[in-house]
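To start, the structure under review is shown below, and the notes come after it.
Number of protein chains: 2
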Amino acid sequence: MTLGFELKTRDGRARRGSLTTAHGTIETPTFMPVGTAATVKAMTPEDVRATGAEILLCNTYHLMLRPGAERVAKLGGLHRFMNWPGPILTDSGGYQVMSLAELRKLNEEGVTFRSHLDGSKHLLTPERSIRIQHLLDATIAMCFDECTPYPATEEQAAASMRLSMRWAKRSKDAFAPRLGYGLFGIVQGGVHPGLREESAKALIAIGFDGYAIGGLAVGEGTELMLSTLDATEPLLPADRPRYLMGVGKPSDLVAAVARGVDMFDCVLPTRSGRTAQAFTRSGTLNLRNARHADDPGPLDPRCRCPACRSYSRAYLHHLTKANEILGAMLLTRHNLTYYQDLMAQMRAAIETGRFAAFLAGFEKEETKESVEMSQSSQT
Amino acid sequence: MTLGFELKTRDGRARRGSLTTAHGTIETPTFMPVGTAATVKAMTPEDVRATGAEILLCNTYHLMLRPGAERVAKLGGLHRFMNWPGPILTDSGGYQVMSLAELRKLNEEGVTFRSHLDGSKHLLTPERSIRIQHLLDATIAMCFDECTPYPATEEQAAASMRLSMRWAKRSKDAFAPRLGYGLFGIVQGGVHPGLREESAKALIAIGFDGYAIGGLAVGEGTELMLSTLDATEPLLPADRPRYLMGVGKPSDLVAAVARGVDMFDCVLPTRSGRTAQAFTRSGTLNLRNARHADDPGPLDPRCRCPACRSYSRAYLHHLTKANEILGAMLLTRHNLTYYQDLMAQMRAAIETGRFAAFLAGFEKEETKESVEMSQSSQT
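In order, the protein sequence lines correspond to chains F and G. If you're matching positions, the first sequence starts at 2 in this note's numbering and goes up one per residue. If you're matching positions, the second sequence starts at 2 in this note's numbering and goes up one per residue.
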């Protein structure tokens, strides 16, 4: 194995580990902020690091189109390009090519599509995806796969998963192993436990540095997501990290850590920061709400982030109403700090065998969540 | 006088001083970044301070409409609201009410107008402007005046200036003096030396903590601006600070310091930072220009700012092409650092009697300026 993973302790199914890479060690469970176009939006890398983040996710689809993988390679790789010396995981482009690109056509070879930026024509295959991820100098690369749409019949989900498994083998063959770098496989199979089992076995037979669970949080709802996770997680090797892709809300992270997941990524904290949404220990707030206009108190009195230490809710309300960039900067810092502190609390709880107590306390707090979320799309 | 001003030394007509206020001391000549809506756009206050800025300008017109002066007062004043403990100068609202507000009507009493934000009706008078500036807790308040439009006939300029002088008296009467706080008068009179003299004499008779030169950089061109400055500056008391409002380009700052001006403000460095323009020691650059796409070098190798220390021109090009907020953040930091370093160089040159040499060196560099500026409006 080219990535070191130490499983330090367990508490129930929750796992506390550390993942050693060429670019540094990551304490797990971990949350990866999303830096789509080689920047975590509205944050400097120093700001991101200060939230507690140890690894970022960047998007192959966006970077292959702009600025281009060959260009990033010539400029010394993604770490140097974006001034983030720590680990970077890149996705394979498979998900976004199907959700963002135009005129896409999928066959056994791969996906042809036109760029959503300039209409230029591209072909993405397992081999090309891995080559791009090498050019970007990704610490952790992902297999090229098809994220099975939801809903899908079992037949559709099976055909899609089996294509992804053939692509997983081609991805592995194209991957050039190096010490401290790794390649993760992605379990597909929709919400069908039998297909998930077939997929997990196929990936394990190929052999990967870590195993991701894909195709969830795509509309199936929390209950089906968690039951699919319950069915999938026991199939994965205990000595390798597990990564639940694109998840999620704070309550999803907690529920998935409780089910043995080690790694997460999601745009929710950063995107919410740019739309005036703030995650706090006493609920999720919409800062555009007029009730904050005269509030001299901090966003979250128990938070250590700059937005909470130095500014009032009234000021944050003003910034979001005036569409000031500083509003996005401060709320993104806050949300990522909230996410990182949540992960740190879970790591500490697992280490000390108190995860069940943490879970009970979180669920009690969590009933207060989403108080103002319903207003977010209207303002 | 409620503001302390020490004129430390002169070099030719250039002056080196320090202005002591309730919120800290400002070394002059100084450049004030503009924080229109109680935020210097795309910057935290710590970022602004790190550029070397000692005093900010905020806009009365914007703040009276949103979040409202009474609200800011209840929240502890502008310094606390925006987390900038240093000095703040507020303009009077007179300039912006005429350039931004709708359905404005000017008479002897003041200006009635409708808000450009929500159409609400307002009356701004000298008394109300000063009251608002007190509510904001402005370290330095400005007299309410009419910025004479350009072009204007001598008769129009005279009538406008005389109205501003009557308003200056009403502003002074409405101002409640406090130690470390001050009120500046504003010399008007267009490009007519006789009117400028009449205006300066009227203001000196009333008596102010500092004297601003208004109504310049409104379309008259550099030559007329500098000749009007040449005619106006000798009329002003040597023992009080002089502030050239809304100016300007780096070359304007240098030419005005050479003519005895102590204080400046302008949106140029911050606005340019949001439109991919960068001021450097080797010219003004448009970062969207394709020639930067593969350039691994820094924006300005002689600059100390984070954008120059940690990023390539290629990365800044990428951020600006992708409309990433980090592009605005980094280029604004750079431009404000450039402006502050320029002021620091001028202060050092005056202190050591080398201002003429500085001026000659700057003018030599300056011929390289504006290389890519012409492309800025097209991209």
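Ideal Cβ placement from N, Cα and C applies to all residues, glycine included.
G:Ile56, enclosing alpha helix (DSSP H) - first and last residue
Premise fails: G:Ile56 is in no alpha helix (DSSP H) and is neither H nor E.
Chain F contact residues for G:Asp301, given Cβ-Cβ distances below 9 Å:
Neighbours of G:Asp301 on chain F: none; closest Cβ ~17 Å, over 9 Å.
Hey, is G:Asp295's beta-carbon within less than 9 Å of any beta-carbon in chain F?
yes
At which residue ranges does the segment 29-56 of chain F contain complete beta strand (DSSP E) runs of 3 or more residues, listed in the order of the chain?
31-33
Got a sec? Which residues, its chain only, sit under 8 Å from G:Pro46 by beta carbon, not counting five neighbours each side?
Met83, Asn84 and Trp85
Alpha carbon to alpha carbon, how far is F:Gly5 from F:Thr21?
5 Å
Quick check: is the beta carbon of G:His319 nearer than 9 Å to any beta carbon in chain F?
yes
Would you tell me roughly how many angstroms separate the C-alpha atoms of G:Val372 and F:Arg16, rounded to the nearest one?
With a pLDDT of 49 at G:Val372, under the threshold of 50, the modelled position of that residue is not reliable, and no figure is offered here.
Are the C-beta of G:Asn84 and some C-beta of chain F separated by less than 9 Å?
yes
Can you tell me whether DSSP reads G:Gln278 as helix, strand or coil?
strand
G:Glu198 versus G:Pro238 - alpha carbon distance
13 Å
Between the Cα of F:Met264 and those of F:Asp12, F:Thr3, F:Thr29 and F:Glu71, spot the shortest distance and give me the residue it belongs to.
F:Thr29
Would you list the one or two residues that DSSP bridges to F:Leu124?
F:Thr113
Taking only heavy atoms of the ligand SAM into account, decide whether any of them is closer than 8 Å to the Cβ of F:Pro251.
For the structure depicted, the ligand SAM is absent and the ligand set is empty, with no information on it obtainable.
When you compare only the Cα positions, how much space is there between G:Gly298 and F:Pro302?
43 Å
Have a look at F:His123 and F:Gly222 and give me their C-alpha separation to the nearest angstrom.
33 Å
Whole alpha helix (DSSP H) runs in the segment 195-243 of chain F with 4 or more residues, listed along the chain?
223-233
State the Cα-Cα distance for the pair G:Gly215 and F:Ser283, rounded to the nearest angstrom.
50 Å
Would you be able to state if there are at least three C-beta pairs under 8 Å between the segment 87-98 of chain F and the segment 128-142 of chain F?
yes
Give the residues of chain G in contact with F:Met330, contact being defined as C-beta atoms less than 9 Å apart.
Ala43, Met44, Thr45, Ile326 and Met330
Mind listing the chain G neighbours of F:Arg115? Cutoff is C-beta to C-beta under 8 Å, in chain order.
The contacting residues do not exist; F:Arg115 stays about 18 Å from chain G at best.
Select from F:Asn336, F:Arg292, F:Gly69 and F:Arg305 the residue whose C-alpha is nearest the C-alpha of F:His318.
F:Arg292
Using the C-alpha atoms, what's the distance from F:Ala232 back to F:Pro194?
6 Å
Between the C-alpha atoms of G:Thr380 and F:His80, what's the straight-line distance to the nearest angstrom?
Because G:Thr380 carries a pLDDT of 30, less than 50, the predicted location of this residue cannot be relied on, and no value is offered for it.
At what residues does the beta strand (DSSP E) containing G:Ala169 begin and finish?
Segment Glu155 to Ala175 is the alpha helix (DSSP H) holding G:Ala169; no beta strand (DSSP E) there.
When the Cα atoms are used, what is the spatial distance from G:Arg167 to G:Glu367?
41 Å
According to DSSP, is F:Ala142 helix, strand or coil?
strand
Buried or exposed, going by whether 16 or more other CB atoms sit within 10 Å of the CB of F:Glu155?
exposed
8 Å Cβ cut-off: residues of chain G touching F:Arg72:
Ala294, Asp295 and Ala315
Under 9 Å between C-beta atoms of F:Ala74 and F:Leu136
yes
Helix, strand or coil at G:Leu300 according to DSSP, with G and I counted as helix:
coil
Ignore the nearest five residues each way along the sequence and tell me which others in F:Arg179's own chain have a CB closer than 6 Å to its CB.
none
Looking at the structure shown, is G:Gly13 part of a helix, part of a strand, or coil, going by DSSP?
coil
For F:Pro270, decide whether its Cβ has a neighbour in chain G, counting only Cβ atoms nearer than 9 Å.
no
Suppose contacts are defined by Cβ-Cβ distances below 9 Å. Is G:Ala218 in contact with G:Val248 by that definition?
yes
9 Å Cβ cutoff met for F:Tyr340 and F:Pro270:
yes
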